[in-house]
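Since the structure comes first, as structure tokens, the remarks are kept for the end.
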Amino acid sequence: MKNNQVHYYWLDLIRFLAAFLVLSSHFRGAFFVEYGLLPAEQQNAFISFFYLVTRLGHEAVLIFFVMSGFLVGGRVIERLKNGVFDLKSYGIDRSVRILLPLVSTLLFLILTNFIQGIDTDWIAWFGNLLSLQGIYCSSVIDPLWSLSYEVWFYILAGSLAMLLKKHTNGIAIPFVLLLICLLVFTKLNSVYLFIWVMGAVTYWVQPKICNKFLLCVALLAMIILIGTLQFTRVSRSLSLGEYSSFLPNRDALELLFSFTFCLFLQQVILICPVNCLARFINSMGTKFAAFSYTLYLTHMLVLRLLEYYGAPKSTSVNWFSVGYYIGELILSMIVAYFIYWIFEKRTATVKSWLKNRQFSCRIPCLSKRDN
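For the sequence shown, the residue numbers in the UniProt record's numbering are 1 to 371.
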């Protein structure tokens, strides 16, 4: 069985870059005018590339779904196969991993709403705490839409594991949970569930040796699909007009993009960083990835505060506006790291405490049975 503490090369770097893409996408949209409104002399290849890279937030979320399936779903399959899946441990791991960053973000939301004089919608607030956004209520912060998917992915995986393991309390509870999950995905977009499952299968069929040809083909296919996906979004600056009808629908393109990323992921994690620069980049990726989850959840609240305090929306791309933009990104990362340090950094400690408490509760129960 694979060690749960194994370090996959470049995975942390990809995780951080995905979070940073979401951050940069939202901030560019908020603090720069759309491409078509730039001065004519600025509508060139260089600035077009800047706008393209900073509109890949949704593609980054697809990458998150694949990696979640890889790291969570794949390991559930592995532990079931090896007969070591423990439902309580799984429940603690997933609950703590989700709730610490989520609670910190929702508390930060209360603070930012107070600063801006906005009344908090408490029904939506508690609905988001219970991951009911997209099912019963709307997301109180834009990035939280994807967190609802993550939670229901985890519940679905846990209920399937309970059924396959023939849980000691019978099949009623896991069957009901499975039915609830299936009903939930009649409200949520089931395409993202398929993407998560792709990630789980990717973990299960990992190759032992990197195929560099397949790596390059997958990377090239990803780039082509990223470009194609841009034409399926509503945009006044980027449109194929009548030719857009020849494109596959967006769901199909998202599935294809996720599949090619799965192939890329399988290969890239096998490339060992051998020189000092590669090891340094990989190490820095791990450090930045540590707070990428909190960064993903909290950055929109920082953006709202910046807008509230009058951060300008630039009508051109120049050294001043780009410097302002970079400063705003850095500020968001600093705030995220501070919140991470208080909450998410304690994830391992809280998990350990809960598991030890669970174990200590078992001992008296066993002693009573023995007596």
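Virtual Cβ for every residue (Gly too), placed ideally from N, Cα, C.
Would you call residue i buried or exposed, if buried means 16 or more other Cβ atoms sit within 10 Å of its Cβ?
i, result
"D93", "buried"
"F24", "It is Ser, not Phe, that sits at residue 24 in the sequence shown. S24 comes out buried."
"G73", "buried"
"W353", "exposed"
"N44", "exposed"
"E41", "exposed"
"G227", "exposed"
"V302", "buried"
"L182", "exposed"
"F49", "exposed"
"E34", "exposed"
"S68", "buried"
"T202", "buried"
"Y192", "buried"
"S367", "Any reading at S367 is ruled out, since the residue's pLDDT is 49, under 50, leaving its predicted position unreliable."
"Y252", "Per the sequence shown, residue 252 should be read as Ala rather than Tyr. By the neighbour-count rule (16 or more Cβ atoms within 10 Å), A252 is not buried but exposed."
How would you write the range of the alpha helix (DSSP H) that residue i sits in, first residue to last?
i, result
"residue 373", "The first residue shown for the chain is 1 and the last is 371, placing residue 373 beyond what the model contains."
"H26", "L11 to F31"
"D142", "Looking at the DSSP string, D142 is not in any alpha helix (DSSP H), and its letter there is neither H nor E."
"D93", "L87 to Q116"
"V84", "Run containing V84: none; DSSP gives neither H nor E here."
"D251", "R250 to V268"
"Y325", "W319 to I342"
"F181", "The question names Phe, yet the displayed sequence has Cys at residue 181. Unbroken alpha helix (DSSP H) run through C181: A172 to V184."
"E307", "S292 to Y308"
"H58", "G57 to S68"
"Y203", "S190 to W204"
"I281", "C276 to A289"
"Q230", "K212 to Q230"
"L132", "Unbroken run through L132: none, as it is neither H nor E."
Whole angstroms is fine: what's the gap from residue i's alpha carbon to residue j's?
i, j, result
"I180", "F126", "19 Å"
"F31", "W122", "29 Å"
"C276", "M333", "26 Å"
"L17", "G158", "29 Å"
"N4", "I209", "Here the model assigns N4 a pLDDT of 48, short of 50, so the residue's position is not dependable, and the following value carries that caveat. Approximately 20 Å, taken between the alpha carbons."
"V151", "R304", "26 Å"
"G323", "L52", "19 Å"
"S139", "W145", "6 Å"
"K351", "S89", "9 Å"
"T105", "R346", "15 Å"
"M198", "Y309", "43 Å"
"V274", "V205", "25 Å"
"N282", "A19", "16 Å"
"L312", "I115", "Reading the sequence as shown, one finds Pro at residue 312 and not Leu. Going from the Cα of P312 to the Cα of I115 covers about 19 Å."
"L62", "R55", "14 Å"
"L87", "H26", "37 Å"
"P248", "F65", "21 Å"
"N371", "N189", "Note that N371 scores 49 on pLDDT, short of 50, meaning its location in the model is unreliable; the coordinates nonetheless yield the value given after this. So the alpha carbons of these two residues sit roughly 53 Å apart."
"L256", "I195", "9 Å"
"F288", "F70", "20 Å"
"T232", "W319", "31 Å"
"V96", "I326", "32 Å"
"F153", "G134", "14 Å"
"G91", "S321", "46 Å"
"I155", "S314", "43 Å"
"A200", "G117", "44 Å"
Going by beta carbon distance, what residues of the same chain come within less than 7 Å of residue i, once the five residues before and after it are set aside?
i, result
"P39", "S316"
"K165", "L80 and F85"
"L215", "F264, Q267 and V268"
"L21", "L56, G57 and A60"
"T112", "L301, R304 and L305"
If you drop the 5 nearest sequence neighbours on each side, which residues of the same chain put their C-beta closer than 6 Å to that of residue i?
i, result
"Y340", "F291 and T294"
"K2", "Here the model assigns K2 a pLDDT of 43, short of 50, so the residue's position is not dependable, and the following value carries that caveat. Result list for K2: empty, nothing under 6 Å."
"L13", "G285"
"E344", "L100, P101 and T294"
"Q131", "Per the sequence presented here, residue 131 reads as Ser, with Gln not at that position. The residues are S148 and V151."
"V76", "A157 and A161"
"L11", "I269"
"F337", "Inspection of the sequence shows that residue 337 is occupied by Tyr rather than by Phe. So the qualifying residues of the chain are F291."
Sorted by chain position, which residues of the same chain lie with C-beta nearer than 8 Å to residue i's C-beta, five sequence neighbours on each side aside?
i, result
"L163", "I171, P174, F175 and L178"
"L109", "T120, W125, V140, I141 and L301"
"I47", "Y35, L38 and V317"
"L129", "L102, V103 and L106"
*Assess, as a yes-or-no matter, whether the region 295–311 is touched by the region 100–119 under the definition of 3 or more beta carbon pairs within less than 8 Å.*
yes
*asked:* Closer than 8 Å is the cut-off here; do at least three beta carbon pairs connect the region 217–230 with the region 255–264?
replied: yes
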